[in-house]
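Below is one structure, written out as structure tokens; comments come after it.
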Amino acid sequence: MNEHRTADHRVQDGHRAMLAMVDDSLALIAGAGDMMPATLHVLLNGDPNTLSQAAIVSWRRTVQGSDAPYGFVALVPLKSTSRTRLESVVFRQPGQPVRYVLDERARSLDEAFRALREEAGPAYGAVVDGIVEALLAGTPNPLRLSRVAALLRLAAQGDGFIEVMGRSEEGDVFVQGWATELPRGRMRVIAVGGSGAPVLAELTSGTFEREDLGGGGQGFAGLVEAKEPVDAAALRSLFFRGKEGWRCVRVYEQRVLREPTETPSHIRAMLPRISGSAEVTAKLNVAAHRYDGQDTVSGLEKPVRLGIDFAAIVDDGGIVVSGWLLDPDRLVGSVTLHAGAQSAVLDERWTRQARPDVTRAFADDALFASLNPQHNRHGFIAFAPRMAEHGATGPVYLELSLEDGLPAHYPLVTTRLTARQVIERLLATLDPNSSTALNAIERQFGPMVQSLQRGKPVAAETDDIGAFDETAPLALVIGTDGRAGDLDILLALLALDPETRNLPIVLAGPSESLDEVGSEIRRLAGFYGLAVRVVYGERIEDRCDALEAGISATKSETLALMSAHILPRGPGWLSRLEAAYRSRGGKYLVSPAILFEDGSIRWAGIWLEGEGQGRTLAERYVGYPRAVLDGAEPAEVTAGTPDCCMVSRAAFEEVEGFTRGYVGSAEKGLDLALKLKLAGTASLWLPEVEMLGAEEDIEAGAHWRRLARRIDRWAFERRWSLVMSNMGG
Amino acid sequence: MSESAIRILVVSHGHPSQSLGGAEVASHNLHKGLNELDDVSSFYLARVGPPVPRHSASALMSLGHKENELLYYANDFNHFFLSNHNTDEVRQDLLRFVRELEPDIVHFHHVLGLGLETLYAVREALPEAAIVMTFHEFVPICAHDGQMVKTGNRRLCHAASPIDCNGCFPDIAPARFLRRERFVKAMLALADHYVVPSAFLAGRYAEWGIDPDRITVIENGLDVAEEAPARTLTGPRPRRSRFAFFGQLTPYKGVDVLLDAITRVPEEIWGEDARLMIFGSNLERQPEAYRKTVEELIERAGPRVRFYGAYQNAEMPHLMQSVDWVVMPSIWWENSPVVIQEAFFHRRPLISSNIGGMAEKIADRVNGLHFRVFSAEDLADRLVEALTEEGLWDRLRDGIPEPCSYRACARRHLDLYLDVLEKRQPAGEPASPDTVAQTA
Numbered sequence: 271m272n273e274h275r276t277a278d279h280r281v282q283d284g285h286r287a288m289l290a291m292v293d294d295s296l297a298l299i300a301g302a303g304d305m306m307p308a309t310l311h312v313l314l315n316g317d318p319n320t321l322s323q324a325a326i327v328s329w330r331r332t333v334q335g336s337d338a339p340y341g342f343v344a345l346v347p348l349k350s351t352s353r354t355r356l357e358s359v360v361f362r363q364p365g366q367p368v369r370y371v372l373d374e375r376a377r378s379l380d381e382a383f384r385a386l387r388e389e390a391g392p393a394y395g396a397v398v399d400g401i402v403e404a405l406l407a408g409t410p411n412p413l414r415l416s417r418v419a420a421l422l423r424l425a426a427q428g429d430g431f432i433e434v435m436g437r438s439e440e441g442d443v444f445v446q447g448w449a450t451e452l453p454r455g456r457m458r459v460i461a462v463g464g465s466g467a468p469v470l471a472e473l474t475s476g477t478f479e480r481e482d483l484g485g486g487g488q489g490f491a492g493l494v495e496a497k498e499p500v501d502a503a504a505l506r507s508l509f510f511r512g513k514e515g516w517r518c519v520r521v522y523e524q525r526v527l528r529e530p531t532e533t534p535s536h537i538r539a540m541l542p543r544i545s546g547s548a549e550v551t552a553k554l555n556v557a558a559h560r561y562d563g564q565d566t567v568s569g570l571e572k573p574v575r576l577g578i579d580f581a582a583i584v585d586d587g588g589i590v591v592s593g594w595l596l597d598p599d600r601l602v603g604s605v606t607l608h609a610g611a612q613s614a615v616l617d618e619r620w621t622r623q624a625r626p627d628v629t630r631a632f633a634d635d636a637l638f639a640s641l642n643p644q645h646n647r648h649g650f651i652a653f654a655p656r657m658a659e660h661g662a663t664g665p666v667y668l669e670l671s672l673e674d675g676l677p678a679h680y681p682l683v684t685t686r687l688t689a690r691q692v693i694e695r696l697l698a699t700l701d702p703n704s705s706t707a708l709n710a711i712e713r714q715f716g717p718m719v720q721s722l723q724r725g726k727p728v729a730a731e732t733d734d735i736g737a738f739d740e741t742a743p744l745a746l747v748i749g750t751d752g753r754a755g756d757l758d759i760l761l762a763l764l765a766l767d768p769e770t771r772n773l774p775i776v777l778a779g780p781s782e783s784l785d786e787v788g789s790e791i792r793r794l795a796g797f798y799g800l801a802v803r804v805v806y807g808e809r810i811e812d813r814c815d816a817l818e819a820g821i822s823a824t825k826s827e828t829l830a831l832m833s834a835h836i837l838p839r840g841p842g843w844l845s846r847l848e849a850a851y852r853s854r855g856g857k858y859l860v861s862p863a864i865l866f867e868d869g870s871i872r873w874a875g876i877w878l879e880g881e882g883q884g885r886t887l888a889e890r891y892v893g894y895p896r897a898v899l900d901g902a903e904p905a906e907v908t909a910g911t912p913d914c915c916m917v918s919r920a921a922f923e924e925v926e927g928f929t930r931g932y933v934g935s936a937e938k939g940l941d942l943a944l945k946l947k948l949a950g951t952a953s954l955w956l957p958e959v960e961m962l963g964a965e966e967d968i969e970a971g972a973h974w975r976r977l978a979r980r981i982d983r984w985a986f987e988r989r990w991s992l993v994m995s996n997m998g999g
Numbered sequence: 366m367s368e369s370a371i372r373i374l375v376v377s378h379g380h381p382s383q384s385l386g387g388a389e390v391a392s393h394n395l396h397k398g399l400n401e402l403d404d405v406s407s408f409y410l411a412r413v414g415p416p417v418p419r420h421s422a423s424a425l426m427s428l429g430h431k432e433n434e435l436l437y438y439a440n441d442f443n444h445f446f447l448s449n450h451n452t453d454e455v456r457q458d459l460l461r462f463v464r465e466l467e468p469d470i471v472h473f474h475h476v477l478g479l480g481l482e483t484l485y486a487v488r489e490a491l492p493e494a495a496i497v498m499t500f501h502e503f504v505p506i507c508a509h510d511g512q513m514v515k516t517g518n519r520r521l522c523h524a525a526s527p528i529d530c531n532g533c534f535p536d537i538a539p540a541r542f543l544r545r546e547r548f549v550k551a552m553l554a555l556a557d558h559y560v561v562p563s564a565f566l567a568g569r570y571a572e573w574g575i576d577p578d579r580i581t582v583i584e585n586g587l588d589v590a591e592e593a594p595a596r597t598l599t600g601p602r603p604r605r606s607r608f609a610f611f612g613q614l615t616p617y618k619g620v621d622v623l624l625d626a627i628t629r630v631p632e633e634i635w636g637e638d639a640r641l642m643i644f645g646s647n648l649e650r651q652p653e654a655y656r657k658t659v660e661e662l663i664e665r666a667g668p669r670v671r672f673y674g675a676y677q678n679a680e681m682p683h684l685m686q687s688v689d690w691v692v693m694p695s696i697w698w699e700n701s702p703v704v705i706q707e708a709f710f711h712r713r714p715l716i717s718s719n720i721g722g723m724a725e726k727i728a729d730r731v732n733g734l735h736f737r738v739f740s741a742e743d744l745a746d747r748l749v750e751a752l753t754e755e756g757l758w759d760r761l762r763d764g765i766p767e768p769c770s771y772r773a774c775a776r777r778h779l780d781l782y783l784d785v786l787e788k789r790q791p792a793g794e795p796a797s798p799d800t801v802a803q804t805a
């Protein structure tokens, strides 16, 4: 027995062995003895429960004439996490088991590695290999990986440098530099960097000639990929197992780090110089054709072209894209929208539209000789929800996958629009009755509108004229969407009616339109002695929004709501509404009958009709002569109308006002009435009170109204059909 | 309310010395007549506008008129809604004056130019006073110059509605007409009583929705000193062959129909002595198409027609001396044109269209002749009758009723005022507008 009674770090011979803990479930035991196979069963502390299989690396020691000619290091899985000190280990050698007593003091892994380096001498490489393999077995956790990194830092020789890196949105990293022993092709590497744990990754690379190395090494270029995106900025070194052992390629301090949009062109420039297998070239080629901010569709030598009318980010971060794709030979496999790291396939659910203008534009283009002039459905409307909730975090573009080639890209410039603005833009091209429109509603507009999360309308600024009392028990709130004209006439009529001239009047509407008439309103309110609070609102798109902003600007308990296009038919309407409201304890939303300018009925209550699933809401008597109302009694209806009603403020606030997810005001009002009904405030129709609601300009906006109506119907039915089929009366 | 010292403010949309309309003349005559009655004093306030220059400090001004006449400058008028945007000055200048004057009656003869807001302002400022309104045409009902004649084809209109009015003005939505109607009716409801110079107008306003119990028909009074004697007949075969047209040459007055009719009378009937005299002006201000038509017709009529240009009211007696027949070919309804009253005063029979106020005031074959409105042929036939029928002119002249003098007219108004003041509701409460909009 040799006596190496020197520093503790040296391996004990014969019967003692060194112990170091890799982690709670793996122990490193090193010693000397006879040769051992690569795996053996071992027992710890003589306890049969600890039986496990160890991975072993042995080497021939350089020591002469020892009865422990082989050194070994064993990695022993620990079955239990009990804290009993490990005292002994038995190796179940075939033939004679060998027992070792473990050092009392467990070493640190670093100490163990150093000791092994000394002991193993030329066999150290194999030792390192073995330990690394064992540690990387299965799915190594971060701790194991850091152990591996620690060992490799010690063991690996420097081999070269990474000088250029290119980030990508896909998560892989392009690396380029020089090395001596780095082979071409695919290989496992350990990427170490920053403060994070080392990452097990794969490097696929080729080599290229470099004149500046004086023959000592080659250039390399390739892609590092891992399960999670690799943090290129933090990368410090790559460890790889070369022919002669583990090697390290370090990231040069002055390395160049390219952004994702710069990387592809860099790779494209390098590609011709790089030698490697087909697999390597293919992989690099794909990376070289990633999106780099350029439009690569318009220059394709294939008959594929793309045009974009607009791309908009809507309220909740969804993206709407409207444009056309000309692909008569069906070369495009799929169309994917990218916004930073998010992506969505568009062509599965987009709505196609006729675009004869596109067909005409390319009719004489030789590249599109196969274009059939009868086929015009090149347009598309697509919607991808929640792509860019707080704005796009990276470039926004379309990727066309081409079945016989590399993908082509098309940058998109996005604007921020409201859902309503998007629909208005697309309006000109859509016939509300067409199947295109129906599809668009089902797939794009409906979901877009339904998920609207944007904030409530607010009273950005208010302006009081006269002695406006915000705490008066009753306030008249008038909402305008900016399109109703002649507010001055309404104010005059309110002034001429003794019942309304002393009420606090809130006049709410979009800031822009009220700004224009603000001074007129001031003049008139002053002349007529009215107390008016003008509310300049934000986020107001229709008269319900205006009413909501107006209501937020007063504290009155009872509200008389009125849209600006409604006119009183004569004085006394307010007191009768109020009498009906108060006699029922303020627990109703009370609405009058509304007539058209020709005396026919415009609104006379909304009633549930039909049974079960088929139940619908119907507006009764619309267009009938007003004589139909003679003798009609007040009746509870399924829904009143916010266009003219009296309601309690508390009830309105309890249901949180109007629901946001609609583009027009009709279903929005209906939705409110139903919400109120469910919360205990039913609607009452009071036919004895008649108000006038003249039709605004019928032609302007008819198209919009029809489409908006269909979209809102869709959204409304999604919300309410089930409830309505169970609703009483 | 005793008769002593009743004070009246007559408000007009123009002063007769500046604008020549019948309403201006009638309102001013009323003012004169009232001042000649005992214990009555009347003040006359007329609107004035550009090109007359105004004072900067006040809208009130006078133009060297009498002490009981004042002008009010108003130039910010919305024709469609009959609304005055300069409500600040209404409050400041007009109201101040009205409050100082403290009239018992404020009698509006128009709100054109002044705006319906003046009604409101006066009502607010003088809760005790009674407000009377005279309608001289259909301005509150009809946006086409108050004529109730359709745009485009000049067809007669019988009733207004937002949709029908939109038919005449396709650019203005029915909703706006509805608002106009509501606003005008609600404002007019502030008045206590309404006066119209013809039963025809009374009927139209009652149909429109004004309470018929609040409408009184009072003919406009005339202020003419002396009857013009009949024209002296001379020549071998004397006959009543001098026809005259008095009035502005607007399309509504139908002078084109008259000129056309003149050319259709055969030469042998027209002879050498017959003549049409046109006393009127402003052809150059009319729409181009109409102007061209009239100019062509004038060419065709040749020596049969002579133009005498504009005239002042005061010249009428003199001009009448050379006139036998007065022709009123208006294509709109006419209310109570002062020309009819003046022709009657000077005992000249009239030949008129058979509609509206003309048909009411002139009895066919009693004191005048009717022809089918628009029809130059029919008018030509009447002209032939006038030129050929023996004794027709004398018979018709005998059938002419006595027109109302301005004094008599003022007297009738005073009776009305006293009546209204008696019925007036307690101060502070405006007349109930419910009763106005009966059939609205």
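Chains as they are written, first to last, in my numbering: chain A, 271 to 999; chain B, 366 to 805. All residues carry an ideal CB built from backbone N, CA and C; glycine is no exception.
Considering only the alpha carbon of each residue, which of A/Phe986, A/Lys945, A/Thr750 and A/Val360 lies closest to A/Asp806? First, the residue type needs correcting, since residue 806 of chain A is Tyr and not Asp in the sequence shown. Considering only alpha carbons, the answer is A/Thr750.
With H, G and I counted as helix, E and B as strand and the rest as coil, what does DSSP make of B/Pro631? Three-state DSSP puts B/Pro631 in coil, outside helix and strand.
Helix, strand or coil: which one does DSSP assign to B/Glu637? B/Glu637: coil per DSSP, three-state reduction.
Does DSSP classify B/Met681 as helix, strand or coil? Correct three-state label for B/Met681: helix.
For B/Leu365, which residues in the same chain have their Cβ closer than 7 Å to its Cβ, ignoring the five residues on either side in sequence? There is simply no residue 365 of chain B to check, as chain B begins at 366 and stops at 805 in what is shown.
A/Ala393 in three-state terms, based on DSSP: Reduced to three states, the DSSP call for A/Ala393 is helix.
Taking the alpha carbon of A/Arg630 as the reference point, which residue from A/Asn642, A/Tyr798, A/Pro499 and A/Pro957 has its own alpha carbon closest? The shortest C-alpha separation from A/Arg630 is found at A/Asn642.
Do you know how far the Cα of B/Gly511 is from the Cα of B/Phe503? Distance between the alpha carbons of B/Phe503 and B/Gly511: 4 Å.
Rounded separation between B/Arg737 and B/Pro766 - CA only: Put simply, the backbone Cα of B/Arg737 is about 23 Å away from that of B/Pro766.
Could you check how far apart the C-beta atoms of B/Phe608 and B/Leu662 are, in whole angstroms? I think they sit under 8 Å. Between B/Phe608 and B/Leu662, the beta carbon gap of about 15 Å keeps them out of contact (Cβ cut-off 8 Å).
Hey, how far is the Cα of A/Trp329 from the Cα of A/Pro392? Counting only the Cα atoms, A/Pro392 lies some 9 Å from A/Trp329.
Going by DSSP, what residues sit across from B/Cys530 in a beta bridge? Bridge partners of B/Cys530: none, in fact.
Out of B/Thr499, B/Tyr485 and B/Asp458, which has the shortest C-alpha to C-alpha gap to B/His475? Comparing Cα positions, the closest option is B/Thr499.
Any chain A beta carbon closer than 9 Å to B/Pro577: Chain A, which has no Cβ nearer than 9 Å to the Cβ of B/Pro577, makes this no.
Does DSSP classify A/Glu514 as helix, strand or coil? Under the three-state reduction of DSSP, A/Glu514 is assigned to coil, being neither helix nor strand.
Taking B/Gln686 as the reference, which of B/Trp697, B/Phe710 and B/Gly674 has the closest Cα? Residue nearest to B/Gln686 within the set B/Trp697, B/Phe710 and B/Gly674 is B/Phe710 (criterion: CA-CA distance).
For A/Arg872, would you say it is in contact with chain B, using Cβ-to-Cβ distances shorter than 9 Å as the test? Chain B contact via Cβ: absent.
Start and end residues, alpha helix (DSSP H) containing B/Ile727: Premise fails: B/Ile727 is in no alpha helix (DSSP H) and is neither H nor E.
For B/Phe318, go through chain A and note every residue whose CB falls closer than 9 Å to its CB, in chain order. Outside the shown range of chain B, which is 366 to 805, sits residue 318 of chain B, and nothing can be said about it.
Which first and last residues belong to the alpha helix (DSSP H) in which A/Tyr798 is found? Counting along the chain, the unbroken alpha helix (DSSP H) around A/Tyr798 starts and ends at Ser781 to Tyr798.
Top-ranked residue by Cα proximity to B/Phe446, from A/Ile401, A/Gly755, A/Gly436 and A/Pro780: Just measuring C-alpha positions, the residue of A/Ile401, A/Gly755, A/Gly436 and A/Pro780 sitting nearest B/Phe446 is A/Gly755.
Straight-line CA distance for A/Ala849 to A/Ser918? Cα to Cα, the separation comes out at about 14 Å.
Coil, strand or helix - A/Pro318 by DSSP: If DSSP states are grouped into helix, strand and coil, A/Pro318 belongs with the strands.
Residue span of the beta strand (DSSP E) that contains A/Asp900, given as start and end: No beta strand (DSSP E) holds A/Asp900; DSSP gives it neither H nor E.
Taking B/Thr313 as the query, report the chain A residues whose CB atoms sit under 9 Å from its CB, ordered along the chain. Since the first residue shown for chain B is 366 and the last is 805, residue 313 of chain B is missing from the structure and cannot be characterised.
Looking at the C-beta of B/Ile696, does it have a partner C-beta in chain A at a distance below 9 Å? Interface flag for B/Ile696 against chain A is unset, since no Cβ pair is found closer than 9 Å.
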